[in-house]
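Written below as structure tokens is the structure these notes are about.
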Amino acid sequence: MKNFANLIFIIIPTLFYCQYNNDSLSIDEVINLVVTNTEKAKNIESAYQIRNIDFENYKKSFLPQIFMTANLPYQRSIQEVIQFNGSTSLVERNFLSPTINFTTKQIVPFTGGEISLTNSIAMNNDLQNKITNYSSNWVSLTYSQTINGFNQYKWDKRKYFYTRKLDEINHKKDVAKLKTEAAQLFFDGYILQKKIELTKNNILKTQSLLAQFEEKEKLGRALEIDVNQVSITINQLSQKMESDSFDLSMLISKLKNLLNLNERKELYFKTVDDFDLIIDKEALISSFLEKSYENEAKLQLLIADEKIDKTKKDGAVNFFVQLGIGLNSSAAELENLYNKPIQKQALSVGAYIPLLNWGILENKKKMAELEKSILERELKQTKFDVTQQAENLYYYIENLNDQINLSKKEYELQTAANELLFNLLTYGKKTVYEYKNQLFEYEKSFLNYNELLTSKYILKMKFNEIFLE
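Mapping of the sequence shown onto full-length UniProt numbering: position 282 corresponds to residue 282, and the numbering continues sequentially without gaps.
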């Protein structure tokens with residue numbers, strides 16, 4: 001009995017020391033850490049920044065683009081020249097003809113045309129005869145346009161409208177999934193921690209019972225088999241606690257790695273209390289459809305329409321027009337180059353007429369239309385499935401709340417039964433076997449209640465993902 005009392009004085013302070021000298025973490029702190037202090041969160045933000053930069057580049061592609069080209073060609077040749085006396089001789093010719101061009105291009109997204117503005121200056125230098133000429137394209141303005149052709153810019157603009165929405169939705173979903181991953185690890189550790197605490201309490205209680213049975217055995221009021229059964233129960237509980245403690249240490253290591261925590265202290269998970277979870281059914285279905293179906297469906301249909309439009313335009317007669325106007329000049333000396341320009345205009349009209357393609361282009365159009373019809377049927381089924389998932393999720397909430405209420409009542413009854421059976425065992429009214437079974441039934445109800453609570457919190461995280469909160 002004295003040894004048991006010493007054990008109590010050792011274990012209880014140890015439990016308090018472990019709990020209050022470890023790093024305590026609440027579920028809210030874990031979620032905050034995972035979005036601010038982890039490599040995964042940084043990767044999510046970097047991926048979102050890449051999509052934002054890509055969209056900025058898309059918008060800037062419609063702004064005027066200016067670039068310069070410069071060439072410095074050198075040409076050497078040997079020509080045969082007939083002299084006045086009829087003889088021939090070989091003459092070396094050397095030319096240096098540098099040019100500089102400035103070009104400005106502007107896309108017209110609405111029509112799919114392009115405006116081009118060009119300025120250039122060139123020098124033609126005959127090195128052998130020391131003759132130099134200059135020429136300049138003061139300005140050359142051209143407009144190119146396809147009539148009845150496929151306009152890629154128009155379709156890209158419409159697609160980017162939904163792409164941007166999906167980028168924002170997917171970014172928030174990625175963050176929500178990361179939070180859920182961290183929360184799941186927290187609750188896995190929380191359940192193990194609760195199991196260990198409960199097992200420790202059961203060990204203490206059973207050790208107290210063992211001490212009583214040992215005293216009774218000395219007085220001839222208890223059988224040796226009862227003492228042995230209590231000892232076996234303690235041994236089984238100790239093995240269980242050892243296994244759970246190892247699993248908890250592995251899980252804490254995994255959580256620390258996710259949260260980027262380098263402290264050597266063990267983590268203690270703060271208690272999670274029950275909370276109300278009330279969701280409007282219609283709001284849930286509406287948000288589920290918007291975030292998980294509508295934008296993606298509209299984008300896919302738009303891509304299908306784009307493909308149909310392209311196959312139609314590829315198989316039809318297409319006209320193209322190019323208009324141009326410019327000012328040019330040339331001079332033997334650079335200072336006279338811009339004295340008097342020469343104006344020029346240009347008009348070019350062309351056509352693309354498919355004459356014989358054996359029906360390939362028409363078949364491509366039919367294929368694109370059939371693909372769209374398949375897509376529409378698939379999207380209809382997807383919409384039904386998504387709606388069904390939202391409804392099932394709503395009814396699962398109600399079922400989960402009922403399970404938690406029943407589990408809580410069972411846990412309270414098991415607690416009372418556990419204390420009653422312990423007292424009856426001390427008076428010899430119950431067997432050790434019945435006590436052992438009651439211990440595990442009590443643990444089962446305790447864990448079931450806590451596991452349902454954690455499932456409810458994970459469900460709350462799922463709703464945050466659906467509503468993008």
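Note that CB positions come from ideal geometry on N, CA and C, so glycine has one too. Remember, predicted model here, so these are calculated numbers, not experimental data.
Once DSSP output is grouped into helix, strand and coil, what is the label at residue i?
i    : result
Y427 : coil
V321 : strand
E266 : coil
V227 : helix
T103 : strand
Y338 : coil
F55  : helix
Q83  : coil
D23  : strand
E92  : strand
T132 : strand
L251 : helix
A351 : strand
N148 : coil
I279 : coil
A417 : helix
A41  : helix
L375 : helix
V139 : strand
L72  : coil
A332 : coil
V386 : helix
S97  : coil
F67  : strand
L327 : strand
What first and last residue would you give for the beta strand (DSSP E) that runs through residue i?
i    : result
E114 : 113-126
V34  : No beta strand (DSSP E) holds V34; the alpha helix (DSSP H) holding it covers 27-36.
A222 : Segment: none, A222 is in no beta strand (DSSP E) and carries neither H nor E.
Kindly list the residues whose CB is nearer than 7 Å to the CB of residue i, restricted to its own chain and excluding five residues on each side of it in sequence; keep chain order.
i    : result
N450 : I191, K194
P109 : F62, Y153, K154, K157
N94  : R76, L127, Q128
V35  : A41, V175, L178, K179
N37  : L259, N260
E434 : L421
State the start and end residues of the unbroken alpha helix (DSSP H) segment that holds residue i.
i    : result
I153 : Just to set this straight, residue 153 is Tyr in the shown sequence, not Ile. Looking at the DSSP string, the run of the alpha helix (DSSP H) that includes Y153 is 152-218.
F62  : Neither: F62 is in no alpha helix (DSSP H) and is coded neither H nor E.
D305 : 295-314
E443 : 432-467
Less than 6 Å between C-beta atoms, sequence neighbours within five positions excluded: which residues of the same chain meet that for residue i?
i    : result
A346 : G324
N21  : Its pLDDT being 45, under 50, N21 is placed unreliably in this model, and the coordinates cannot settle the point.
F102 : M68, N119
A331 : Y134, L337
S97  : P73, N124
N71  : T99
Grab me the residues of residue i's own chain with a C-beta within less than 8 Å of its C-beta, minus the 5 sequence neighbours each way, in chain order.
i    : result
E39  : N260
V139 : L117, T118, N119, G326, L327
T111 : Q145, N151
L452 : L400, Q403, I404, S407
K254 : L185
E224 : E217
E294 : none
Closest to residue i by CA distance: which of the options is it?
i    : options                : result
K310 : S455, A368, L355       : A368
N124 : G113, E114, S136, I115 : S136
K24  : N464, E266, F150       : According to the sequence provided, residue 24 is Ser. The question's Lys does not apply to it. Measuring from the Cα of S24, the nearest candidate turns out to be E266.
F235 : L255, T199, Y268, E224 : Here the sequence assigns Asn to residue 235, which means Phe is not the residue at that position. Nearest of L255, T199, Y268, E224 to N235, Cα basis: T199.
L459 : N401, I374, N133       : N401
E217 : F440, Y457, G428       : G428
Q381 : D276, L289, V272       : L289
D54  : R164, G149, K105, Q106 : R164
S373 : A211, L33, I360, I303  : I303
Q207 : L223, I232, D188, F467 : I232
T426 : F440, F84, V230, K172  : V230
I50  : Y338, D167, T88        : D167
K408 : G149, L337, N336, Y442 : Y442
I107 : T142, D276, N418       : T142
E378 : Y395, K340, Q300       : Q300
I27  : K270, S249, E45, F446  : K270
P354 : R221, D314, E215       : D314
Q438 : T454, L447, E419       : E419
K59  : Y411, E391, Y160       : Y160
E282 : E306, Y395, V272       : Y395
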